[in-house]
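Only one structure is covered here, and it is reproduced in the block below.
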Amino acid sequence: MTGMLFRTDPYATEAVARVVAHTPEGGVVLDQTVFYPAGGGQPGDSGRLDWDGGSLPVATTVKADGDVIALVPGAPQPLPPVGAQVSQVLDWERRHRHMRMHTALHLLSVVIPLPVTGGQVGETRSRLDFDMPEAPQDRETLEAHLAMLVDRDLAVTEDWITDAELDANPGLVKTMSAAPPRGAGRVRLIGIGVGEDRVDLQPCGGTHVARTGEIGALRLGKIEKKGRQNRRVYLHLDG
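Following our numbering, the numbering of the sequence shown begins with 206 at its first residue and continues without gaps.
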């Protein structure tokens with residue numbers, strides 16, 4: 206199992222680790238990592254590994270067998286040897302945009318309170334697919350509502366419940382296309398707002414900003430028809 210430093214501190218940009226394995230595909234497995242692996246619609250992190258005698262650009266990060274995370278270079282090249290101590294340097298600007306956009310998609314699911322059938326996080330443009338027979342006609346109202354939620358600078362919090370508690374509260378799951386991450390006997394919940402100010406609570410394994418004010422300006426993009434009852438809604442970071 207790879208220690209998930211991105212889970213305990215999503216703002217960590219550097220960390221020391223030790224190489225424990227290489228994957229058959231040419232990836233590097235560390236004992237702990239600040240790099241988020243692709244999943245839940247969020248891309249894998251990129252950055253760099255440095256060690257005594259070498260450096261390796263990391264193009265993406267993926268999940269390997271079980272709870273193992275692999276850092277993958279863009280092209281085959283010499284890897285740090287197993288047992289070597291390495292310094293991880295995260296491409297923070299890219300990750301931070303993903304954190305802002307991922308949190309913004311949670312807000313989009315608040316202003317469009319319909320079942321989510323899919324989604325993808327990008328650096329400046331992301332999308333959610335909704336079970337929505339007709340496209341919304343009040344774009345300006347939706348944008349204004351998004352801006353209000355950002356401006357309220359709501360706290361983004363983490364909590365955990367058991368699998369059984371999630372089964373007893375199926376309404377927490379908004380995404381129809383993917384089941385919440387399970388397997389450890391408990392499920393991570395991301396809340397936006399605290400107490401009476403809470404506007405959202407749903408299972409999620411991604412990285413998020415600490416407060417909604419950190420997201421910045423948002424703009425609704427195209428709304429595409431993707432089936433009889435499916436609409437794809439794009440969301441842009443304007444800042």
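By construction, the Cβ of each residue, glycine as well, lies at the ideal position given by its N, Cα and C atoms.
Need the endpoints of the beta strand (DSSP E) that Leu406 sits in, please.
Asp405 to Pro408
Own chain partners of His348 with C-beta closer than 6 Å, once the 5 adjacent residues on each side are dropped:
A small correction: the amino acid at residue 348 is Glu; His does not occupy that position in the sequence shown. Contacts found: Leu425.
Hey, how far is the Cα of Tyr241 from the Cα of Ser260?
20 Å
Residues bridged to Gly418 [DSSP beta-bridge criterion]
Answer is none; Gly418 lacks a bridge partner.
First through last residue of the alpha helix (DSSP H) which encompasses Ser314
Start and end: Trp297 to Val316.
Let's see if you can read the secondary structure: which residues bound the beta strand (DSSP E) around Thr266?
Thr265 to Lys268
With Leu377 as the anchor, note down where its alpha helix (DSSP H) starts and where it stops.
Segment: none, Leu377 is in no alpha helix (DSSP H) and carries neither H nor E.
May I ask which residues mark the beginning and end of the alpha helix (DSSP H) holding Phe211?
Leu210 to Thr213
Determine contact between the segment 333-345 and the segment 361-372, defined as no fewer than three beta-carbon pairs at a distance below 8 Å.
no
Contact check, Leu235 vs Leu276, beta carbons under 9 Å:
The answer is yes: Cβ separation under 9 Å.
Same chain, Cβ closer than 7 Å to Val414, neighbours up to 5 away in sequence not counted:
Met304, Arg305, Thr308, Val361 and Ile420
Where Ala222 falls, given that 16 or more other Cβ within 10 Å makes a residue buried:
buried
Assign His350 to one of three DSSP states: helix, strand, or coil.
helix
Throw me the rounded Cβ distance for the Gln293 and Gly252 pair, which I believe falls under 8 Å.
7 Å
Roughly how many whole angstroms lie between the Cα atoms of Gly288 and Val225?
Spanning the two alpha carbons is a distance of roughly 6 Å.
Take Pro262 and list the residues in its own chain whose beta-carbon comes closer than 7 Å to its own, dropping the five residues that flank it on each side.
Arg253, Pro278 and Gly279
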